[in-house]
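From first to last, the protein sequence lines stand for chains A and B. If you count by our numbering, then the first sequence holds residues 1 to 201, one letter each, in order. If you count by our numbering, then the second sequence holds residues 1001 to 1201, one letter each, in order.
There are 2 protein chains.
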Amino acid sequence: MLVSSKISPKTTTRKAQIIDTSLEMMYRLGYQGTSMRDIASSVSMEAASLYNHISGKEAILSETCFTMAERLLKGLSEVNDIYFNPAEKLSLAVKNHVHILTENTFAGWVFVHEWRHLGDENRHRFVKLRDEYEKGFITILKQGEDEGVFQDVNNKFAVLTILASLNWVVEWYKPHGSMNPEQIAEKLTEFILSGLKKTNN
Amino acid sequence: MLVSSKISPKTTTRKAQIIDTSLEMMYRLGYQGTSMRDIASSVSMEAASLYNHISGKEAILSETCFTMAERLLKGLSEVNDIYFNPAEKLSLAVKNHVHILTENTFAGWVFVHEWRHLGDENRHRFVKLRDEYEKGFITILKQGEDEGVFQDVNNKFAVLTILASLNWVVEWYKPHGSMNPEQIAEKLTEFILSGLKKTNN
DNA sequence: ACTACTAACTAACATTTGTTAGTATTGCAA
DNA sequence: TTGCAATACTAACAAATGTTAGTTAGTAGT
């Protein structure tokens, strides 16, 4: 079970260093633009030595993508299991999503953008998880409709649009920016629920 | 002045073929994942022959990115010049955006995702245009606030979230899917303005 | 018929790529 | 102190990369 420094921050193993450095470089240059030699020199070793810690380049990508996906899924299913109010569920789902994506900004970015470069097998597995995640959101929307608190919308369309807003966070979030993840999640929830138009009350 | 087949669809020059093919490949494999030899074999010639039509790999990317950016900007400034009602402006701006991104799905995708791989100079120029575009949207939001029809929100934040939803279209739009660009734009406008919550009237 | 241009070709270039093999060094447990 | 596992190294690999040089065939204008 492979572990990055963000998950187990105390034991900063060489492997965790390598992965963290890789993610930062992939954030800047993209997966394909980051070579094993780039990564190696960033952690002050030779490219060949990396293979004592990781099985190859794709392993860095796949580990990151799947670790992130599983954390998102776990959070979402907890929300769906424990709470009852649809608006509250949505709010918590958003918070979960933003929290995980912003916790490690580089991992968040790689997860959102670079999964496309997974090899065929991993990519198919990944897409399945993503679909599962979308279903979890649709469940919330459906419940909201059934209870008459959400509008009747094309659920698939709505979920894609919502996830788009959520994922875009990785594009501009900065750890020391003017909004922290909690505030971002709050504003996003507000936007998703109420839109731009002024209400009458 | 370089012209792709989408802009001047009648004269399908060899160059236009090359660019269109390139965009499709970059959509599938990414900019860095698409080699000149890949492109060449897709148009049935040798890699070296490509240089009779284009100055290099980056030219394909930069031409696409800047052509798209200029079209978006032109559309947006027309909207801002001609119309008065903020909600109507927003609706038309969304329509413009969706229309241009979906007209050529591959170009749309490359524009949204691959501009990061522009060289330093082009990338800086591109980011300037993007900022200008965001400002055009902010103008609309501000006007809406001033006239009391939009909520007071963090404009920068709102614009980024809105553009996120709009750009995400390139992720799932299919020319022969269940919604055409007009319908997509309409639904997006609805979502941006009204959100998910049921209104009281 | 001569010229100039277009667009294709082959060949080669210097790098860079991910990865493997084989070897040396280190530090800890026995 | 010996032995072992972890971790680093050098060297090399075959393949792929963007691009240039030089050449050739066809075509249009004079």
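For glycine and all other residues, C-beta sits at the position ideal for the given N, C-alpha and C.
Between residue i and the rest of its own chain, which residues show a CB-CB distance below 6 Å, the 5 nearest in sequence each way excluded?
i               : result
V1170 (chain B) : L1101, G1108, W1109 and V1112
Y27 (chain A)   : F106 and W109
N122 (chain A)  : S62
C1065 (chain B) : F1111, W1115 and F1126
H1099 (chain B) : P1181
T1034 (chain B) : M1025 and M1026
R37 (chain A)   : A47
A1069 (chain B) : L1129
Taking 8 Å as the CB-CB limit, is residue i close to chain B?
i              : result
T161 (chain A) : yes
E182 (chain A) : no
L2 (chain A)   : Unreliable placement is indicated for L2 (chain A), whose pLDDT of 28 sits below 50; no coordinate value is reported for it.
I19 (chain A)  : no
Got a sec, what are the start and stop residues for the alpha helix (DSSP H) residue i sits in?
i               : result
R28 (chain A)   : R14 to L29
H53 (chain A)   : Here H53 (chain A) belongs to no alpha helix (DSSP H), and DSSP marks it neither H nor E.
Q143 (chain A)  : D120 to D146
P1181 (chain B) : P1181 to S1194
W1206 (chain B) : The structure shown has nothing for residue 1206 (chain B), since chain B only spans 1001 to 1201.
W1168 (chain B) : It is not in any alpha helix (DSSP H) - W1168 (chain B) carries neither H nor E in the DSSP assignment.
S1035 (chain B) : Premise fails: S1035 (chain B) is in no alpha helix (DSSP H) and is neither H nor E.
V79 (chain A)   : K57 to I82
Residue i versus chain A: which residues are under 8 Å apart at the beta carbon?
i               : result
G1033 (chain B) : Q32 and H117
A1164 (chain B) : A164, S165, N167, W168 and E171
Which residues in the same chain have their Cβ closer than 7 Å to the Cβ of residue i, if we skip the five residues on either side of it in sequence?
i               : result
T1021 (chain B) : I1039, S1042 and V1043
I1054 (chain B) : K1015, I1018 and I1060
L257 (chain A)  : Not covered by the structure: residue 257 (chain A). The range shown for chain A is 1 to 201.
H117 (chain A)  : Y31, Q32 and L61
E1132 (chain B) : L1073
E1024 (chain B) : F1106
F1150 (chain B) : P1086, L1141 and G1144
E1046 (chain B) : A1040
L77 (chain A)   : The question names Leu, but residue 77 (chain A) in the sequence shown is Ser. Contacts found: G136.
Is there at least one Cβ from chain A nearer than 8 Å to residue i's Cβ?
i               : result
N1154 (chain B) : yes
K1006 (chain B) : Confidence is the limiting factor: at K1006 (chain B) the pLDDT is only 35, short of 50, which leaves the residue's position unreliable and the question unanswerable from this model.
Can you pull the chain A residues whose beta carbon is under 9 Å from the beta carbon of residue i, in chain order?
i               : result
K1187 (chain B) : V153, N154, F157, A158 and T161
Using a cut-off of 8 Å between C-beta atoms, extract the partners of residue i located in chain B.
i              : result
F191 (chain A) : V1153, A1158, T1161 and G1195
My assumption, with CB atoms under 8 Å, is that residue i sits in contact with residue j. Please give the rounded CB distance.
i               : j               : result
I184 (chain A)  : I162 (chain A)  : With a Cβ gap of about 14 Å, I184 (chain A) and I162 (chain A) do not count as contacting.
A164 (chain A)  : A1158 (chain B) : At roughly 14 Å, the Cβ-Cβ gap does not stay under 8 Å, so A164 (chain A) and A1158 (chain B) are not in contact.
N80 (chain A)   : K89 (chain A)   : 7 Å
I1140 (chain B) : P1086 (chain B) : 6 Å
L160 (chain A)  : W1168 (chain B) : 6 Å
G1119 (chain B) : E1058 (chain B) : 6 Å
Using a threshold of 7 Å, is the CB atom of residue i nearer than that to any non-hydrogen atom of the ligand MN?
i               : result
S1042 (chain B) : With respect to the ligand MN, the structure offers nothing, as it holds no ligand at all.
Can you list, in chain order, the residues of its chain with a C-beta nearer than 8 Å to that of residue i? Leave out the 5 residues immediately preceding and following it.
i               : result
L1166 (chain B) : V1094, H1097, V1098, L1101 and L1188
S49 (chain A)   : A40
E1147 (chain B) : P1086
E190 (chain A)  : none
L29 (chain A)   : D38
P1009 (chain B) : In this predicted model, P1009 (chain B) has a pLDDT of only 35, less than 50, meaning its place in the structure is not dependable enough to derive any value.
G1056 (chain B) : none
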